[in-house]
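Going from the sequence shown to my numbering is simple: count from 1 and add 12. Beta carbons: idealized from backbone N, C-alpha and C, even for Gly. This one's a predicted model, so the numbers in the text were calculated from it and none came from an experiment. See below for the structure under consideration.
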Amino acid sequence: MGLSEVLLADRKDSFYTVFSQAGGIFISGVEIAATAFSNILEDTPVKPVSSHFYILIILVWGILSGIICRISTLKVGALGLIGLSVLYLAAVAFHFKTSGVWYPIVVPLFFQAPLAFVGAVGIEYGRLFKEVLVKLRMEEDLSAARDVQMSMLPASCPEIEGYQIAASSTPAREVGGDFFDFIEIGDDRLGLVIGDVTGKSVSGAMIMAASRSVFRMLSEEELGVGEIMIQANRRTKKDITRGMFVALLYAMLNAKEKTLSLCSAGQTQPIHLSSKTNEANLVETEGDTFPLGILDEPDYKETRLQLAPGDSVVFYTDGIVEAMNKKEEVFGFERLLEVVQEAKSVNADSLLKEIVDKVNAFTGGAPQHDDLTVIVVSVE
Numbered sequence: 013m014g015l016s017e018v019l020l021a022d023r024k025d026s027f028y029t030v031f032s033q034a035g036g037i038f039i040s041g042v043e044i045a046a047t048a049f050s051n052i053l054e055d056t057p058v059k060p061v062s063s064h065f066y067i068l069i070i071l072v073w074g075i076l077s078g079i080i081c082r083i084s085t086l087k088v089g090a091l092g093l094i095g096l097s098v099l100y101l102a103a104v105a106f107h108f109k110t111s112g113v114w115y116p117i118v119v120p121l122f123f124q125a126p127l128a129f130v131g132a133v134g135i136e137y138g139r140l141f142k143e144v145l146v147k148l149r150m151e152e153d154l155s156a157a158r159d160v161q162m163s164m165l166p167a168s169c170p171e172i173e174g175y176q177i178a179a180s181s182t183p184a185r186e187v188g189g190d191f192f193d194f195i196e197i198g199d200d201r202l203g204l205v206i207g208d209v210t211g212k213s214v215s216g217a218m219i220m221a222a223s224r225s226v227f228r229m230l231s232e233e234e235l236g237v238g239e240i241m242i243q244a245n246r247r248t249k250k251d252i253t254r255g256m257f258v259a260l261l262y263a264m265l266n267a268k269e270k271t272l273s274l275c276s277a278g279q280t281q282p283i284h285l286s287s288k289t290n291e292a293n294l295v296e297t298e299g300d301t302f303p304l305g306i307l308d309e310p311d312y313k314e315t316r317l318q319l320a321p322g323d324s325v326v327f328y329t330d331g332i333v334e335a336m337n338k339k340e341e342v343f344g345f346e347r348l349l350e351v352v353q354e355a356k357s358v359n360a361d362s363l364l365k366e367i368v369d370k371v372n373a374f375t376g377g378a379p380q381h382d383d384l385t386v387i388v389v390s391v392e
């Protein structure tokens, strides 16, 4: 075989062979023709795969590419697709070299593989975009629910001559399950409610609103604390969903007699700081202490506490004593009793701030797992 074409100025097609360079880049038209003629003589022509097998390869390759890109992260999918392409190309080259069969390369490697990856990226980002939209809508709904909940909490504490009252509530989420309320009963009596409902978020806010309304209505009927709790339990049992309940403490302050009548339905025991002994102790309540909404007819009873000038009573939810630091240690009742007893001032605002600051210092920036609600009543 010799040179058999006319040389053009802009095309160099000399008699190169595949042995001229390792890559066999410079192959002339004559050499291609010679190779084809040699294949005919030796009866070893290049044979493309059949149409049916070609379609099967394209179909299987497309399915594998899609599966690899979707069953894992995009980074792992890209690496898996590259590895599969390299194996396919190596297998095709080996089979071509040994048997002269030509398998499809351009469509699987340069069209299907990139399209599968681009499609996987599009699907993943589409899913993430929908999640972001759903999250934004939920945040808007929770923000609205939080505004409603916060609007139902007292904007300020009532002012009663001879007493100081301070309260605060910090939800662990956008919408919390803790709540408190003050109910004015006549000229010299004040109802105090502090509760914790099961379930946070919107469901907790709804039960909170219902419980608040029940106690406001029952307090107008001039009933005793124990009877109010029994009536509230009956209504709560009928209204809320099964499996949900309200841990609540209701107290009535008689400013004239300096007495505090209280009843606990599964709420934490209040702390009484006595000015006579300068000791802080947990108040033991009488009767059943089941949360509202569990039993049909619990035996709630009234516990009466006589107050004296300089005394303080601290009401709080379990989020205070169960506050956890990064070592997973809880704040506990003993630390809370120490904080109340060692308080330098019996001023309600100061004592409230001291409790909240000590709890925050103890947690040391650890995530807040539960709502933190405190009410302090001090006798001047």
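Under 8 Å by Cβ, that's how I've got proline 303 and valine 258 pegged, so tell me the actual separation to the nearest angstrom.
In the sequence shown, counting from the first residue as 1, residue 303 sits at position 291. In the sequence shown, counting from the first residue as 1, residue 258 sits at position 246. Rounded, the Cβ-Cβ distance is 6 Å, consistent with contact.
Between the Cα of glycine 203 and those of Arg228, Leu145, Glu296, Ser181, spot the shortest distance and give me the residue it belongs to.
Indexing the sequence shown from 1 puts residue 203 at position 191. Of the listed residues, the one whose Cα sits closest to glycine 203 is Arg228.
What residues are listed by DSSP as bridge partners for serine 275?
Walking along the sequence shown from the start, residue 275 turns up at place 263. First, the residue type needs correcting, since residue 275 is cysteine and not serine in the sequence shown. For cysteine 275, which the question treats as bridged, DSSP gives the partners Tyr262.
Distance check for lysine 338 and glycine 376, CA to CA, integer angstroms please.
As a working note, residue 376 is residue 364 in the sequence shown. As a working note, residue 338 is residue 326 in the sequence shown. Cα to Cα, glycine 376 sits roughly 7 Å from lysine 338.
Would you mind sorting histidine 381 into buried or exposed? The rule is 16 or more other CB atoms within 10 Å of its CB.
Taking the sequence shown and counting its residues from 1, one reaches residue 381 at position 369. It is exposed - the Cβ of histidine 381 has fewer than 16 other Cβ atoms within 10 Å.
For tyrosine 137, count neighbouring C-beta atoms within 10 Å of its own C-beta (all shown protein chains included) and say buried if the count is 16 or more, exposed if not.
Locating residue 137 in the sequence shown gives position 125, where the first residue counts as 1. Counting Cβ neighbours within 10 Å, tyrosine 137 comes out exposed, since fewer than 16 surround it.
What would DSSP say about alanine 58, mapped onto helix, strand or coil?
Translated into positions along the sequence shown, residue 58 becomes position 46. Contrary to the premise, residue 58 reads as valine rather than alanine in this sequence. Valine 58: coil per DSSP, three-state reduction.
By Cβ distance below 8 Å, which residues in the same chain neighbour asparagine 266 in space, the five residues on each side in sequence not counted?
What you label residue 266 is simply residue 254 of the sequence shown in a count that begins at 1. Correct list, in chain order: Asp200, Arg201, Leu272, Ser273.
Along the beta strand (DSSP E) that carries glutamine 281, what are the first and last residues, could you check?
Taking the sequence shown and counting its residues from 1, one reaches residue 281 at position 269. From DSSP, glutamine 281 is part of no beta strand (DSSP E); its letter is neither H nor E.
Leaving aside the five residues before and after serine 276 along the sequence, list all residues of the same chain whose C-beta is less than 7 Å from its C-beta, in chain order.
If you number the sequence shown from 1, residue 276 lands on position 264. Taken in chain order, the residues that qualify are Leu261, Thr297, Thr301.
Which residue from Met218, Val113, Gly331, Ala179 puts its Cα closest to that of phenylalanine 65?
Translated into positions along the sequence shown, residue 65 becomes position 53. Taking only the C-alpha atoms, the option nearest phenylalanine 65 is Val113.
Residues in its own chain within less than 6 Å of threonine 329 by CB, not counting five upstream and five downstream?
Sequence index remark: in the sequence shown, residue 329 carries index 317 (1-based). Cβ within range, chain order: Asp190, Asp208, Thr385.
Three-state secondary structure (DSSP) at valine 295?
Residue mapping note: residue 295 aligns to position 283 of the sequence shown, counting from 1. Secondary structure of valine 295 (DSSP, three-state): coil.
Helix, strand or coil for isoleucine 94? Go by DSSP, reduced to three states.
What you label residue 94 is simply residue 82 of the sequence shown in a count that begins at 1. Here isoleucine 94 sits in helix by DSSP.
Can you give me the Cβ contacts of asparagine 51 inside the same chain, cut-off strictly under 6 Å, excluding the 5 residues immediately before and after it?
Residue 51 sits at position 39 when you count from the first residue of the sequence shown. Only Pro57 meet the Cβ criterion.
Around the C-beta of glutamine 318, are 16 or more other C-beta atoms found within 10 angstroms, so that it is buried, or is it exposed?
Taking the first residue of the sequence shown as position 1, residue 318 is located at position 306. Glutamine 318 comes out exposed.
Please classify glycine 305 as buried or exposed, where buried requires at least 16 other C-beta atoms within 10 Å of its C-beta.
Residue 305 sits at position 293 when you count from the first residue of the sequence shown. Glycine 305 is buried by the Cβ-count criterion.
Using beta-carbon positions only, say whether alanine 184 and aspartate 383 come within less than 8 Å of one another.
One-based indexing of the sequence shown puts residue 184 at position 172. One-based indexing of the sequence shown puts residue 383 at position 371. Closer than 8 Å, so yes.
List the endpoints of the continuous alpha helix (DSSP H) containing glutamine 243.
Stepping through the sequence shown from its first residue, residue 243 is reached at position 231. 237–251 is the extent of the alpha helix (DSSP H) around glutamine 243.
Starting from alanine 178, trace the alpha helix (DSSP H) both ways and give me its first and last residue.
By one-based count along the sequence shown, residue 178 stands at place 166. Note, alanine 178: premise wrong, no alpha helix (DSSP H); beta strand (DSSP E) at 175–182.
Give me, in chain order, the residues of the same chain whose beta-carbon lies closer than 7 Å to that of alanine 125; leave out the 5 immediate sequence neighbours on both sides.
Here residue 125 corresponds to residue number 113 of the sequence shown, with the count starting at 1. Only Ser77, Leu93, Ser97 meet the Cβ criterion.
How far does the alpha helix (DSSP H) with valine 371 in it extend, from its first residue to its last?
Here residue 371 refers to the residue found at position 359 of the sequence shown. Element bounds for valine 371: 360–375.
Which residues bound the beta strand (DSSP E) around tyrosine 328?
Within the sequence shown, the letter at position 316 stands for residue 328. Taken as a continuous stretch (DSSP letters only), the beta strand (DSSP E) holding tyrosine 328 covers 324–328.
Would you call the segment 240–248 in contact with the segment 165–182, where contact means no fewer than 3 C-beta pairs closer than 8 Å?
no
Determine the DSSP secondary structure at glutamine 380, reduced to helix, strand or coil.
If you number the sequence shown from 1, residue 380 lands on position 368. If DSSP states are grouped into helix, strand and coil, glutamine 380 belongs with coil.
Identify whether methionine 256 lies in helix, strand or coil by the three-state DSSP scheme.
On the sequence shown, residue 256 is found 244 positions in, with the first residue counted as 1. Methionine 256 falls in the coil class under three-state DSSP.
Does isoleucine 197 come out as helix, strand or coil in the three-state DSSP assignment?
Position 185 of the sequence shown, counting from 1, holds the residue named residue 197. Isoleucine 197 sits in a strand when the DSSP states are folded into three classes.
When the Cα of glutamine 176 is compared with those of Pro321, Ala45, Ser223, which residue comes out closest?
Taking the first residue of the sequence shown as position 1, residue 176 is located at position 164. With distances taken between Cα atoms, glutamine 176 lies closest to Pro321.
What number of angstroms, rounded off, separates the C-alpha of glutamate 232 from the C-alpha of isoleucine 242?
Position 220 of the sequence shown holds residue 232. Position 230 of the sequence shown holds residue 242. Going by the C-alpha atoms only, they are around 15 Å apart.
Once DSSP output is grouped into helix, strand and coil, what is the label at isoleucine 306?
Walking along the sequence shown from the start, residue 306 turns up at place 294. Of the three classes helix, strand and coil, the one that applies to isoleucine 306 here is coil, per DSSP.
Relative to the C-alpha of leucine 285, which residue among Val371, Leu235, Glu392 is closest?
If you number the sequence shown from 1, residue 285 lands on position 273. Ranking the options by Cα distance to leucine 285, first place goes to Glu392.
For valine 146 and arginine 139, what's the separation of their Cα atoms in angstroms?
Along the sequence shown, read from residue 1 onward, the residue named residue 146 stands at position 134. Along the sequence shown, read from residue 1 onward, the residue named residue 139 stands at position 127. Going from the Cα of valine 146 to the Cα of arginine 139 covers about 11 Å.
Do glutamine 161 and methionine 256 have their C-beta atoms within less than 8 Å of each other?
Here residue 161 corresponds to residue number 149 of the sequence shown, with the count starting at 1. Here residue 256 corresponds to residue number 244 of the sequence shown, with the count starting at 1. Against a cut-off of 8 Å, the Cβ pair of methionine 256 and glutamine 161 comes out as no contact.
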